[in-house]
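Engineer: Pasting in a structure now, in structure tokens, and then I'll have a few things to ask.
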Ligand code: SF4
Ligand code: SF4
Ligand code: FES
């Protein structure tokens, strides 16, 4: 059922009050949501159990880390026995569901609250912003500040949550969409009115998805020319092989990445032999190999959050190529990361009668 | 003149072959013991199963300049570990898909099912790979010092 949440002060405060009453009523034991730091220059996923310390702004347009990653760290050793609410945006929810599939997160007793995403700003843009960045976006402005990943977002409306907080299509208040029994159980006795604008909401969601689809397609076409070894080497020309892109990635969960090991440290004579055979080679070695291998290992689960790009010290516009790599690979396997929590990942299953032209010929 | 300066036609491709212990490696062995002629361009690496060949091996061979890479495994249904070859096939599809998006010549990467009794098929496969790779010319990555 979709309820209507009456606006109080502003959207952030409205949701904050809702979360506070969930805490106070004991519906949840604690929650994790975006909370602005005291300076107002950034916001971070914060776990709160004391209603007096609750100052969330779930609409803060900033993605310092994926809440998917945060919840993985919090639940992978042992899941929670008491109800914990997690407020996440669409790409974070997709990441969390992917992580749960590979046992890197335990969803038991989590109440997943998705929130419509209006896009996020680069960290620096956010902290230097003249005015209130949240307000600007909620007014439907500020698109020029958005990160590339957000401009081309696959789907800013969360799907597989217990409750979805809807902005798209909302006029006066906000939508509260109970999408599961668990979600319904929480919202049903909170004195909320059912909305009369279900169709408005549906139309708005389908409009924003359609618009994003188009932007994304145009973007991929625009960058379709980064092809061939020389273009790629140009693209990665300033890569210092720091692996920050991997460390920021919610999907790259391995604790012992091959590329952080000493597998690629060889005996001096092997380097000398390589120099003799090629004439010269650049160091650090194996950076293109790192990227291509990383894509092979994680791209089918890539949720296109753009955290890799945000983490790059050399400002390499990684999403210019990752968007197409993810799109093409996921289409080949008809797989949409984070779409269906029950669906197995493509690399752990197979069918005997598929791809038969590969292997024979 | 170094090997890399040779023109397309007279260049001898270097092929790296990852062959599974239980089928394709035995097939290659049979080609040898049966004295079946095949081009000397392949360097064979024995692996336990085609399913154990991660993309990092294939891509490293390519980036270091191998002109082609072959993964050889048991025929579907015959994998010693039941389904390694089906998984190898999926990995191969993904590898080629990514190489295609990146414009990195996916046709240099091969997957073939060769059983322990198919010495001839092994020889024919190597012949075919060498011929096709000659048409492609040398792997450009070999020349790039800044890779
Ligand atoms: S590769 Fe980049 S865009 Fe994809 S999930 Fe990882 S950090 Fe996000
Ligand atoms: S974060 Fe940037 S510089 Fe560091 S490895 Fe990734 S692409 Fe290279
Ligand atoms: S053992 Fe030969 S493919 Fe698995």
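Residue numbers (the working numbering), protein chains in the order written: chain A, 64 to 424; chain B, 7 to 153. We put the beta carbon where it would ideally sit given N, CA and C, even for glycine.
#1: For the alpha helix (DSSP H) holding residue 382 (chain A), just list the boundary residues, first then last.
#2: Tell me, please, which residues DSSP counts as bridged to residue 154 (chain A).
#3: Comparing the C-beta of residue 358 (chain A) with each C-beta of chain B, is any distance below 8 Å?
#4: Can you pull out the residues from the stretch 93-109 of chain B whose beta carbon lies closer than 9 Å to at least one beta carbon of chain A?
#5: What distance in whole Å lies between the Cβ atoms of residue 26 (chain B) and residue 83 (chain B), which are believed to be in contact at a cut-off of 8 Å?
#6: To which residues of the same chain is residue 11 (chain B) closer than 6 Å at the C-beta, ignoring the five residues directly before and after it?
#7: With DSSP collapsed to three states, give me the class of residue 412 (chain A).
#8: Of the choices A:377, A:122 and A:229, whose alpha-carbon is the least far from that of residue 69 (chain A)?
#9: Spell out whether any CB of chain A is found under 8 Å from the CB atom of residue 47 (chain B).
#10: Please compile the residues from chain A whose C-beta is within a distance smaller than 7 Å of the C-beta of residue 118 (chain B).
#11: Does DSSP put residue 26 (chain B) in a helix, a strand or coil?
#12: So, is the C-beta of residue 65 (chain B) closer than 8 Å to a C-beta in chain A?
#13: Quick one: what's got a C-beta closer than 6 Å to residue 7 (chain B)'s C-beta in the same chain, skipping five residues either side?
#14: Counting only beta-carbon separations shorter than 8 Å, does residue 61 (chain B) have a partner in chain A?
#15: Just checking: is the beta-carbon of residue 342 (chain A) within a distance shorter than 8 Å of some beta-carbon in chain B?
#16: Going by C-alpha to C-alpha distance, which of A:161, A:355, A:274 and A:289 sits closest to residue 218 (chain A)?
#17: Give the single residue among A:262, A:252, A:413 and A:370 whose Cα lies nearest to the Cα of residue 8 (chain A).
#18: By DSSP's criteria, residue 107 (chain A) is part of a beta bridge. Which residues make up the other side?
#19: In this structure, how does DSSP classify residue 121 (chain A) when only helix, strand and coil are distinguished?
#20: Answer with yes or no whether the minimum CB distance from residue 27 (chain B) to chain A is below 8 Å.
#21: Under 7 Å: does the beta carbon of residue 212 (chain A) sit that close to some heavy atom of ligand 1?
#22: Whose Cβ in chain A lies nearer than 7 Å to the Cβ of residue 82 (chain B)?
Structural biologist: Checking against the coordinates, here is how it stands:
#1: 382-395
#2: None; residue 154 (chain A) has no bridge partner.
#3: With respect to chain B, the C-beta atom of residue 358 (chain A) has a partner C-beta closer than 8 Å.
#4: 93, 94, 95, 96, 97, 98, 99, 100, 101, 102, 103, 104, 105, 106, 107, 108 and 109
#5: The pair is not a contact, with the Cβ atoms about 14 Å apart (cut-off 8 Å).
#6: Unreliable positioning characterises residue 11 (chain B) in this predicted model, as indicated by a pLDDT of 48, which lies under 50. The coordinate reading is nonetheless provided below. Closer than 6 Å at the Cβ level, and outside the excluded window around residue 11 (chain B), lies no residue.
#7: coil
#8: A:229
#9: Chain A contact via Cβ: absent.
#10: 422
#11: strand
#12: yes
#13: Here residue 7 (chain B) scores only 40 on pLDDT, less than 50, and its place in the model is too uncertain to base an answer on.
#14: yes
#15: yes
#16: For the residues A:161, A:355, A:274 and A:289, the minimum Cα distance to residue 218 (chain A) belongs to A:274.
#17: This structure does not reach residue 8 (chain A), given that chain A is present from 64 up to 424, and the question cannot be answered.
#18: In DSSP, residue 107 (chain A) forms a bridge with A:98.
#19: Here residue 121 (chain A) sits in coil by DSSP.
#20: no
#21: yes
#22: What residue 82 (chain B) touches in chain A: 415.
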